[in-house]
Amino acid sequence: MSNWVKGSDHKDANVFEEIELSTALMIKLADALSLRFDQGCEQNDLDVAIHLYREVLKRRPLAYTRSHCLINLANALKIRLDEGGRQHDLDEAVPLFRKALQLPLFRPYYRPVLLNNLASVLLTKFKQRGQKADVDEAISLYRQALKSFRPFDPERVVPINNLAAALVARSEHGGQRKDFDEAISLHKQALGLRLPPHPERCDSLYNLADAMFTRFKFDGEIQSVDLDEAISVHRQALELRSPPHSKRSDSLINLAVAVSLRFDQRGQQSDIDEVISLRRQVLELQPSPHPDRYRSLASLATELVTRVKQTGKITDLDEALCLHREALELLPQLHPERSTCLGNVANTLSTRFEQGGQETDLDQAISMYRQALQLRPSPHTGRSDTIHNIAAELAIRFEHGGRLVDLDEAISLQREILELQPSLHPDRYMSLGNLASSLGARFMQTGQKIDLDEAIFLDKKALELVPPPHPHKALYLNNLANELMRRFEQGGQKADLDDAISMHKQALQLRLPPHPDRSISLSNLAAVLFRRAELEGHQIDLDEAIRLNREALQLRPLPHPDRYMSLTNLASGLSARFRKIGQRTDIDEAISLTRQALGLQSPHHSGRSNIYTALGKFLIYAHHDDPDSLENALSSFAAATQCPSQSPSSRLRAAKTWIYFADKYQHISAIDAYGVALQILPQVAALSFDVQSRQEALTAGSDGLARNAARCAIRSGNLGRAIEFLEAGRSIFWSQVLSLRSSIDQISKIAPLLADNLRDIAIALELGSHRDRSSEISNNLKKLSLDQDAFRLNRLNEKWEKAIDDARNLEGFEDFLRPARLSSLQSAASDHPIVLLVANDDGSHCLIMTLTCIHHIPLTVLRTDVLEGLVYLVQVAAGQIQISRSAIEKTQRNVLEHLREQRGLRVKDDLGSSDDIFRFVLRILWKLIVKPIISFLDFKKLGEMAILQWCPTGAFTFLPIHAAGCYHDYGDQVAIESASDYFISTYIPTIGTLLAHRSAPSAQNFKMMAIVQSAELPSTKKELEHIQKHVPSTSLIKFGVPGADASVEAVASRLPDASIVHFACHGKQDHTKPLNSGLTLQDGLLKISRIMKEKIPSGTLAFLCACETAMGDHKLPDEAMSLGASFLFSGFHRVVATMW
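Here my numbering runs 1144 ahead of the position in the sequence shown, where the first position is 1.
Below, the structure is given as structure tokens:
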């Protein structure tokens, strides 16, 4: 037993010796691999060494061996981390270094090295994860390591540099300025330990200069001496690296970077010239095939582009483009820097475009950026930058070309950037601001308030992310102020104007001379002060605005791209002052400045229309009694309407200005101005918009335009043109809808491919027009989807317009989808005369159109205000408005005052009841409108009843013309004389509805649909019973009865099958959103917006036994926004509906 024990002990000893030998060999191999990695940088050597050290530690070696392996494993992990290792290397290295420091060291002098290495890993961790505790501990460890060295020990330089680097890192991430100060002090100590001719003195000079450079960027102009001193130190380093020093190019680059920043801050020509000289020297030191030559080519090119922006020297720009292209050629397709070089070429092309280049430059720039984006797939760190650049260039192309699709794509890309950035991303404020600016631009293009609301929301978010003293705070104050002004101009509160002024003043204070963006703040503050001066008449505001604009103009010398803006802004202020105090030199200077501004713009510039309009106004202000100046002014207005890159809403504003002055001076061009305005009007409510946006766009700019155009034509004696104007400028909303449903069968016979294209586009546009654009402002992802839809639909709208132009080039289709001409319109009166009632502010008109003639009856006394008084009384009598008796009497007196002055009309003064009010209104309508028409048409009481087709406009739309007559004051209301004694009345919203319904629907497959609301309206059951007596059950579709609920979708889906529909239910006109007006069914409203989705090929009659179905929208009386009209335009030939 004892021998076996002894033998066993001996065997264990041998195994132990073998293990120790194996461990020692593993350590020696790991050490050798680590050493070989230091010399050859073979990654596999380092990976195997790390594996061996881990295996040794698993064997629990003796203390000395354990200490050796812990330290070497930690160091190896640190090295791999520095070489771009993985996150778990970082997490493993930190505790290893901590354990190594806790072990007794057999080499005590090695402790400072361990302190340094642990601090280095913690600093890396801080830079990656941002935990302040890590950098604080790193600084503490570096201080401990530094204490291990004597004051004048040359080895002290390394821990000094490390401590300084950690202090700078903490300062850059929210630390205090004292960290920068200490870091610079430490670098000066290190420099003192490396006196000339120390071979590493240049490194210390660089560290010192870099720390000063960083403190300058932190403090800005507060510590501008740092930048100058950093440049001085870089110059010293360069002197120590005279040719042919191997690192001379490094010093040249460092000096160039610092001097370039000083140029950015101060704009001194000598600085940018020196930077370019330094970059040329670097390039000479890196001839082909030097691996960094492409970088030096790109850097020199970038500085040349910078100089171009100051000097306008085009030769620099051409050289820069050549250099960037040479750099691109040096890089293979899969080179990681190729995308950067593509971006450089794109940026240079964009700059050349801004300096007066061709549109092809901008197109190529966008193409280059798109190529760069393909090389930066997600999750490439530079992807968001490239997307930003594409969006910026698209926004520029939109500004110069006016294509909405460019702006839509820019917005979609900017939303994509936000999705790529986490909420705490350091550049998120910039992305929010860029998106807000683009949304603001789109609002100015389309007038959709949803964009303006979101722009303000985003600008506020961006401003929250740039607290003082953030260098971009002024920019976001400026942006938010601009959006608030836009809201103010759209009917916002006075507080918006006051806030905008306050924000622009704050921004100006943050952009003291020589800030490069000071001119922007000067211009913007001047603009809001000018607006306040217009509103409140304060001369001090106007004078201050002029002073600020003059200062801005001085800061924008040629060839500054925004000089034209300062010229026009100053001109506007001077013109306003001339109108206020009459100083002739002001208006003369305003005209001169505006002409200069026009000379600086390309023909396609988006601001050109506004400048033409301004010039026209100034010429009239200066020479209103000079016929030649008036001609020039009106020519300017005409030119403003023809600028192709301007938005339809802007061109419409220009046309309205032309109209105003042409009308005022009774100029012959007034009728042309109206014609242009009516041509533009449909574009304001483009087919790419959803239906709600179209309706809102028309609310903002269409009401009264067609009526005023007709008045102008009537005054000129052109009654036919008046009717054409009325037809072209009314019911635009419905005309747009119907254009997508127009028959193209005739085109199919001669151009089948074109017909197919028109049909496909029309289907896609109609489907898109019913999309729901509602979403929360903060839901960026949902809005990204909506904007992508908008982009697609705007492209389709462009294709639609192109296809229509192609169709009009076909023989016989020159007027395809144009407003009908008089000859066609007059044919609609072949069976029955059409009476158009034209409401105007200075007196209305009646046009009676028959197949052979047009007769005009002036209704001078019936001005718009009189008509609105009558409408008001009708609403009171019908119970739509509850008012006091005194208010009724006041309205009556106002109406009578105008009527008695003109015609001496006798009416009852005391309106004691609703019946009295109706009699009062109907008698006026009889005497002033209906009776003169009867006289002209020679209608007789006896004999066959004629049919009269009323086409009312404006306030006439809300008056019961068909019931006009003289009724007994008391009794049973038997008429003494009324319209119904002479003719049968029908109403049409436009003449075009008669032309569209000329062919009778097929009598085959006759179906009648009856919808009753029997639960709430029991009498509707009787209506249904009567219908059932006359319509066979096989032809009757019933809803609202047992087994057939009257749900919205069930009823709507059967409308196309019906020849006749009969609704017996409640109706509701929505005065806020007319498209939400509807018929009340079991589960909700059958709204106009839902009815219009259906195409009803066989509809003959829609009988709407419901309230308010012919009421319409008081804000848009000429757009026929009623339930009855929706059935008519959807396909029914006749509609019976109620006015209240």
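Ideal Cβ placement from N, Cα and C applies to all residues, glycine included.
8 Å CB neighbourhood of residue i in its chain, flanking five on each side removed
i: H2106; result: W2094, A2123, S2124, S2129, Y2131
i: D1732; result: A1766
i: H1811; result: L1774, L1778, F1805
i: N1261; result: A1218, N1219, K1222, F1241
Coarse secondary structure for residue i, derived from DSSP in three states
i: Q1786; result: coil
i: W2284; result: coil
i: S1875; result: coil
i: R1962; result: coil
i: T1492; result: helix
i: Y2131; result: strand
i: S1178; result: helix
i: L2003; result: strand
i: K2212; result: strand
i: Y1197; result: helix
i: R1424; result: helix
i: I2171; result: helix
i: L1335; result: helix
i: K2237; result: coil
i: K1453; result: helix
i: K1617; result: helix
i: I1812; result: coil
i: A1799; result: helix
Sub-8 Å separation of residue i and residue j beta-carbons
i: F2183; j: F2127; result: no
i: L1954; j: I1894; result: yes
i: S1793; j: V1828; result: yes
i: T2134; j: E1871; result: yes
i: E1537; j: Y1513; result: yes
i: A1334; j: V1301; result: yes
i: I1416; j: T1450; result: yes
i: S1773; j: L1759; result: no
i: A1263; j: A1282; result: yes
i: S1667; j: S1710; result: yes
i: R1676; j: I1645; result: yes
i: L1214; j: A1193; result: no
i: I1803; j: L1842; result: no
i: L1399; j: L1382; result: yes
i: P1977; j: L2092; result: yes
i: D1640; j: R1631; result: yes
i: L2219; j: Q1839; result: yes
i: L1697; j: L1714; result: yes
i: L1602; j: L1621; result: no
i: V2010; j: V1982; result: no
i: L1259; j: L1234; result: no
According to DSSP, residues forming a beta bridge with residue i
i: F2102; result: In the DSSP output, where bridge partners are listed per residue, F2102 has none listed.
i: S1581; result: DSSP lists no partner for S1581.
i: I1998; result: M1993
i: M2153; result: I2181, V2205
Same chain only: Cβ atoms within 6 Å of residue i, ignoring 5 sequence neighbours per side
i: A1784; result: S1753, Y1756, T1757, A1798
i: A1311; result: Reading the sequence as shown, one finds Leu at residue 1311 and not Ala. Within the same chain, L1311 has close Cβ partners D1323, E1326, A1327.
i: N2149; result: none
i: A1516; result: S1483, L1486, G1487, T1530
i: I2199; result: It is worth fixing the name first, because residue 2199 is Leu in this sequence and not Ile. Taken in chain order, the residues that qualify are E2238, I2240.
i: W1878; result: F2273
Closer than 7 Å: residue i CB and nearest the ligand ADP heavy atom
i: V2280; result: Absence of the ligand ADP is noted for the structure shown, with no ligands found whatsoever.
Same chain only: Cβ atoms within 7 Å of residue i, ignoring 5 sequence neighbours per side
i: L1937; result: S1832, L1909, G1912
i: P1433; result: none
Practice task
Output the residue ranges of the alpha helix (DSSP H) runs that lie fully inside the region 1880-1955 and measure 4 residues or longer, sorted by chain position.
Solution key: 1889-1894, 1896-1913, 1924-1952
Exercise for the section: Note down, one range per segment and in chain order, each alpha helix (DSSP H) of at least 4 residues found wholly within the region 2065-2097. Expected result: 2075-2081
Problem - Segments of 4+ residues assigned as alpha helix (DSSP H) that fall wholly inside the region 1282-1345 - result: 1301-1316, 1321-1336, all fully within the region 1282-1345.
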